[in-house]
Amino acid sequence: MTFELETAAHPENLKRIVIEPVTRVEGHGKVTLLLDEDNRVHQARFHIVEFRGFEKFVQGRPFWEVPVLVQRLCGICPVSHNLAACKAMDMIIGATVPVAADKLRRLMHMGQILQSHALHFFHLSAPDLLFGFDAAVGKRNIAGLAAAYPDIARQGVALRRYGQEVIRLTSGKRVHGTGVIPGGMNKNLSLDERDYLLKEIEQIIAWSQAAVELIKVIYSERPDFHNSFGFYRSSFMSLVRSDGALDLYHGGLRARDEHGQTIFDHVDYTHYWDYIHEEVKSWSYMKFPFIRARGREQGWYRVGPLARINNCDFIPTRLAEAERKIFKEFGGGSATQATLAYHWARMIEMLHAAEAIQELLHDPDLQSDDLVSSGERQLRGVGVIEAPRGTLIHHYRINEDEQIVRANLIVSTTHNNQAMNEAVRQVALQYLDGQQITEGLLNHIEVAIRAFDPCLSCATHALGKMPLEVELLDAAGTLIQRLIKDSDGRHRT
Amino acid sequence: MGAPAMSKTITIDGKNVPFQDGQTIMNAALAAGVYIPHLCHNPQFEPHGSCKLCVVSVNGRNMTSCTMPAAEDMVVANNTPELNSDRKALVQMLFVEGNHICPACEASGNCQLQAAAYYLNMLSPHYTHFYQPRAVDASHPDIFLDLNRCILCELCVRASREVDGKNVFGISGRGIGTRLVVNAASGRLGDTNFAATDKAAHVCPTGTILIKRQGYKIPIGQRTFDHKKISEVQMEPMEPDHE
Ligand code: SF4
Ligand code: FES
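The listed protein sequences correspond, in order, to chains A and B. So for the first sequence, the numbering used here puts the first residue at 1; every next one is plus one. So for the second sequence, the numbering used here puts the first residue at 1001; every next one is plus one.
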């Protein structure tokens, strides 16, 4: 562990490096490093300026509006917020969601997983992984990828588009649809829509398989490097189905420690606060959640693809399950802890999503008209799903007039807050400590953050154009050196 | 056939439009299939003349067509670039005066203000938003009132008074402080005899008066304005209620 790097003992005499991407969305992140005269790292922190206004913003709004409103929280995975909020509203209206609506929501969610994972892998990560972390900046983007590996780039685009089509046809719109409503869905999938999606699904599965192969090849070319990059051990948390299967839409919470020992299992998420607390630290806007049973220091954990593939007992689709076994074997039979293994786990999930879509499309329930239900109204609702980036918790309280009085959201990136800080510190120690700082080295830090696919990175990197400003200040705050990377990849000082 | 011959006519954009004595320019136009943009007008109620979207040029002078009786030989200009640009500006002003967040609003796709904006090619609100604080009232068990979206057309006021016989709504204040008010000592909708079945609960052209728990139930693609322009919908024989 590198907690000693969270806060330097004597910050006064250190110089400061700030990596600050400027983003198009509400959330934006920055990394600050404190170095001494010999460029030894004394402090490394990853801060996220989060969209905190939201919990206030929904106050007073009618509960049925919130699932649509929350889609605006995030330009990248609106469907995840939509679904998590709607699951909370199902509880508020006392609904048992009809089977058909449950399946339609799962289909939408799988479309979201597919498109989000494809975007992250092909657009954001593959360039780093294929060209090297300190390759020329101009090359490390989707355009560079398309030039060197045109087929891979094309498949990435097609996979993403297919996922978006699934979302469009289930939600009514490509982005910010309204298909999911409290208690169920407002539309089914017509036979025409189903046939349209069925046409391409074999190809989508084949390309997803190819993507898993690709990451395996990349990984096994330099297994030691990929395993050790930003390496550390941690606990993992995710939802699992009642039989232990991977389930991204619904289940109980499972947490295992760094040795694979169970901390809790099949926990009813509507009481998540009995298991997870959130700590506030003065230097970050984003809270630090931790597992209560293990305390503040030990209780942090990772969520997301790596957590889910490690935590589940099996994947309920054939091809992805075979890949999970290979992945597990690679990790020596226990949980794989490597930061970069996130990419591999993510591709296994993408394959699972493609297979699950195929299975669902053949299910006649999707054409059912039994789509909504309601029951006795409650004043509290909690909805949890496994969003592409990890566990997403939405929690609401309403008044008798059906207005929101309180909202609490724990998004995937918040769960991973401590873990991302840990990764930054590991990489800072491994690669930057004592070195002359270059853009390539700083990109190593970004690579570590990007492995988690945090919202902010996704948003800023969407086109492989993250504007970046690095400032070196001395202890008195005087600017010593500045390096600016523009969104077209060009550098200036 | 048996219909009385209407010999009197006006022209609108060069087209002959017959009218009966007492008929407004708006109603004569609608009957003849000529569309004049409007928001506060609804043929089921007495004209009100507040939104000014229906302003046309009559023999060179601008007048509200929803209140102006047609008279023989009027030469009316309606669908002109100048008038439509004024109309667009009016709609833009309505957008910045209230708080209209279309992407999250449950009236989206059924809202006449939004549809008028599309019809008039409004691409942005253009003016600076006022961000005025406006109240919401959720006290009624079946109806949610969100004044953020009220355009003060008084259709609900007229419907409650003329059809429901209840006078639930009124308008109070002046200028930029003008607000829709609820006729109860507490000012709360829950303390009136308003009912979800009232006419006034179904006439709002925007998303101000909403039946609770119904939002988003109509899928995208089946909403009023998903496939039809406001000009087509408002020309239909009987304008539907807006829910
Ligand atoms: S509530 Fe609706 S109908 Fe009533 S004045 Fe406002 S916009 Fe018009
Ligand atoms: S429609 Fe004539 S003034 Fe509103």
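Glycine included, each C-beta is placed from N, C-alpha and C at the ideal position.
Which word fits glutamate 43 of chain A, buried or exposed, when buried means at least 16 other C-beta atoms lie within 10 angstroms of its C-beta? Residue mapping note: residue 43 of chain A aligns to position 43 of the first sequence, counting from 1. Sequence check: residue 43 of chain A is glutamine here, not glutamate. By the 10 Å Cβ count, glutamine 43 of chain A comes out buried.
Three-state secondary structure (DSSP) of glutamine 358 of chain A: Residue numbering aside, residue 358 of chain A sits at position 358 when the first sequence is read from its first letter. In the three-state reduction of the DSSP assignment, glutamine 358 of chain A falls in the helix class.
For valine 166 of chain A, does the three-state DSSP call read helix, strand or coil? In the first sequence, the residue the question calls residue 166 of chain A occupies position 166. It is helical.
Note down the Cα distance separating glutamine 112 of chain A from valine 382 of chain A, rounded to an integer number of angstroms. Taking the first residue of the first sequence as position 1, residue 112 of chain A is located at position 112. Taking the first residue of the first sequence as position 1, residue 382 of chain A is located at position 382. Straight-line measurement puts the Cα of valine 382 of chain A at about 21 Å from the Cα of glutamine 112 of chain A.
Anything in chain C within Cβ reach of isoleucine 181 of chain A, meaning under 7 Å, just list it in chain order. Annotation note: the requested chain C is absent from the structure, which comprises protein chains A and B.
Using the three-state DSSP reduction, which class does threonine 1208 of chain B fall into: helix, strand or coil? Working through the second sequence from its first residue, we reach residue 1208 of chain B at position 208. Threonine 1208 of chain B carries a coil assignment under DSSP once its states are collapsed to helix, strand and coil.
Listing by chain order, which chain A residues have their CB less than 7 Å from the CB of arginine 1213 of chain B? Sequence index remark: in the second sequence, residue 1213 of chain B carries index 213 (1-based). Per Cβ cutoff of 7 Å: Trp64.
Can you grab the Cα-Cα spacing for the pair histidine 226 of chain A / tyrosine 232 of chain A, in whole Å? Here the question's residue 226 of chain A lines up with position 226 in the first sequence. Here the question's residue 232 of chain A lines up with position 232 in the first sequence. Going from the Cα of histidine 226 of chain A to the Cα of tyrosine 232 of chain A covers about 12 Å.
So arginine 425 of chain A and leucine 107 of chain A are in contact, right, with Cβ under 8 Å, and what is the actual spacing, rounded? By 1-based counting over the first sequence, the position of residue 425 of chain A is 425. By 1-based counting over the first sequence, the position of residue 107 of chain A is 107. About 40 Å separates the beta carbon of arginine 425 of chain A from that of leucine 107 of chain A, a gap too long to meet the 8 Å contact definition.
Check for me: the alpha helix (DSSP H) holding serine 1231 of chain B runs from which residue to which? As a working note, residue 1231 of chain B is residue 231 in the second sequence. Where serine 1231 of chain B is concerned, the enclosing alpha helix (DSSP H) stretches over 1230–1233.
Using a cut-off of 7 Å between C-beta atoms, extract the partners of glutamate 402 of chain A located in chain B. What you label residue 402 of chain A is simply residue 402 of the first sequence in a count that begins at 1. Contact of glutamate 402 of chain A with chain B by beta-carbon distance below 7 Å involves Ala1138 and Lys1212.
How should arginine 24 of chain A be labelled, buried or exposed, when 16 other C-beta atoms within 10 angstroms of its C-beta is the threshold for buried? As a working mapping, residue 24 of chain A is identified with position 24 in the first sequence. Any reading at arginine 24 of chain A must be qualified, since the residue scores a pLDDT of 28, below 50, and its modelled position is unreliable; no value is offered.
Comparing C-alpha positions only, which one of B/Leu1113, B/Pro1103, B/Glu1082 and B/Ala1077 sits nearest to methionine 1093 of chain B? As a working mapping, residue 1093 of chain B is identified with position 93 in the second sequence. For methionine 1093 of chain B, the closest C-alpha among the options B/Leu1113, B/Pro1103, B/Glu1082 and B/Ala1077 is that of B/Leu1113.
Residues sharing a beta bridge with histidine 277 of chain A, DSSP: Against the first sequence, residue 277 of chain A aligns to sequence position 277. BP columns for histidine 277 of chain A point to A/Phe290.
Residue from A/Ile309, A/His123, A/Val411 and A/Leu129 whose Cα sits closest to the Cα of serine 220 of chain A: Here residue 220 of chain A refers to the residue found at position 220 when the first sequence is read from its first residue. Checking every option, the nearest Cα to that of serine 220 of chain A belongs to A/Leu129.
Compile a chain-ordered list of the residues in the stretch 1087–1105 of chain B whose CB is closer than 9 Å to at least one CB of chain A. Flagged, chain order: Ile1101, Pro1103, Ala1104 and Cys1105.
Could you work out which residues of chain B lie near asparagine 186 of chain A, taking near to mean beta carbons separated by less than 8 Å? Looking up residue 186 of chain A in the first sequence gives position 186. Tyr1216, Lys1217, Ile1218 and Pro1219, listed in chain order.
Under 7 Å between C-beta atoms, does valine 411 of chain A make it to chain B? As a working note, residue 411 of chain A is residue 411 in the first sequence. Taking CB atoms only, valine 411 of chain A has no neighbour in chain B less than 7 Å away.
Considering only C-alpha positions, which residue in the set B/Ala1104, B/Ser1050 and B/Met1063 is nearest to valine 66 of chain A? Position 66 of the first sequence holds residue 66 of chain A. Nearest C-alpha to valine 66 of chain A: B/Ala1104.
Per DSSP, cross-strand counterpart(s) of arginine 254 of chain A: Start at 1 with the first residue of the first sequence, and residue 254 of chain A comes out as number 254. Beta-bridge analysis with DSSP links arginine 254 of chain A to A/Ser238.
Return yes when at least one heavy atom of the ligand SF4 lies under 6 Å from the C-beta of glutamate 1154 of chain B, else no. In the second sequence, the residue the question calls residue 1154 of chain B occupies position 154. Glutamate 1154 of chain B has its CB nearer than 6 Å to a heavy atom of the ligand SF4.
Is DSSP giving glutamine 43 of chain A helix, strand or coil here? Along the first sequence, one-based indexing puts residue 43 of chain A at 43. Here DSSP, grouped into helix, strand and coil, assigns glutamine 43 of chain A to strand.
Closest to alanine 307 of chain A by CA distance: which of A/Met286, A/Trp273, A/Leu248 and A/Ala356 is it? Here residue 307 of chain A is taken as the residue at index 307 of the first sequence, counted from 1. Closest option to alanine 307 of chain A, Cα to Cα, is A/Leu248.
Quick one: what's got a C-beta closer than 6 Å to alanine 1028 of chain B's C-beta in the same chain, skipping five residues either side? What you label residue 1028 of chain B is simply residue 28 of the second sequence in a count that begins at 1. The beta carbon of alanine 1028 of chain B sits closer than 6 Å to the beta carbons of Val1017, Phe1019 and Ala1070 from its chain, once the five residues preceding and following it are set aside; these are given in chain order.
To the nearest angstrom, report how far apart glutamate 213 of chain A and alanine 85 of chain A are at their CA atoms. Locating residue 213 of chain A in the first sequence gives position 213, counting from the first residue. Locating residue 85 of chain A in the first sequence gives position 85, counting from the first residue. Between glutamate 213 of chain A and alanine 85 of chain A, the C-alpha separation is close to 35 Å.
Going by DSSP, what residues sit across from isoleucine 393 of chain A in a beta bridge? Numbered from its first residue, the first sequence carries residue 393 of chain A at position 393. According to DSSP, isoleucine 393 of chain A bridges with A/Val384 and A/Ile410.
Please report the residue range of the beta strand (DSSP E) in which proline 11 of chain A lies. The count along the first sequence starts at 1 and reaches residue 11 of chain A at position 11. Proline 11 of chain A: not part of any beta strand (DSSP E); DSSP gives it neither H nor E.
Can you look up phenylalanine 231 of chain A in the DSSP assignment and give me helix, strand or coil? One-based indexing of the first sequence puts residue 231 of chain A at position 231. Reduced to three states, the DSSP call for phenylalanine 231 of chain A is coil.
Less than 7 Å between the beta carbons of aspartate 401 of chain A and serine 1231 of chain B, yes or no? To locate residue 401 of chain A, count along the first sequence from 1; it is residue 401. To locate residue 1231 of chain B, count along the second sequence from 1; it is residue 231. Their beta carbons are not under 7 Å apart, which means aspartate 401 of chain A does not touch serine 1231 of chain B by this criterion.
Output yes if chain A places a C-beta closer than 7 Å to the C-beta of phenylalanine 1019 of chain B; else output no. Residue mapping note: residue 1019 of chain B aligns to position 19 of the second sequence, counting from 1. Output row for phenylalanine 1019 of chain B: interface = no.
Note down, in chain order, each residue of its chain lying with its Cβ closer than 7 Å to the Cβ of aspartate 370 of chain A, except the 5 sequence neighbours on either side. Here the question's residue 370 of chain A lines up with position 370 in the first sequence. Sequence-distant Cβ neighbours of aspartate 370 of chain A in its own chain, meaning closer than 7 Å and more than five residues away, are Pro98 and Ala100.
Along chain B, which residues have their Cβ under 7 Å away from the Cβ of valine 68 of chain A? Locating residue 68 of chain A in the first sequence gives position 68, where the first residue counts as 1. Ala1104 and Tyr1216, listed in chain order.
From B/Val1203, B/Leu1210 and B/Thr1224, residue whose alpha carbon lies closest to that of alanine 1115 of chain B: Here residue 1115 of chain B is taken as the residue at index 115 of the second sequence, counted from 1. Restricting attention to B/Val1203, B/Leu1210 and B/Thr1224, the CA atom closest to the CA of alanine 1115 of chain B is found in B/Thr1224.
Pull out every residue of the stretch 1131–1163 of chain B whose Cβ sits closer than 7 Å to any Cβ of chain A, in chain order. For chain A, the residues of the stretch 1131–1163 of chain B that bring a beta carbon within less than 7 Å of one of its beta carbons are Val1136, Ala1138, Ser1139 and Phe1144, in chain order.
Could you give the uninterrupted runs of the alpha helix (DSSP H) lying entirely in the stretch 285–356 of chain A, keeping only those of 4 residues or more? Whole alpha helix (DSSP H) segments, 4+ residues: 295–298, 305–311 and 318–330.
Touch test, the stretch 1144–1162 of chain B against the stretch 1203–1215 of chain B, Cβ-Cβ under 8 Å, three pairs minimum: Contact between the stretch 1144–1162 of chain B and the stretch 1203–1215 of chain B is present, because at least three Cβ pairs lie under 8 Å.
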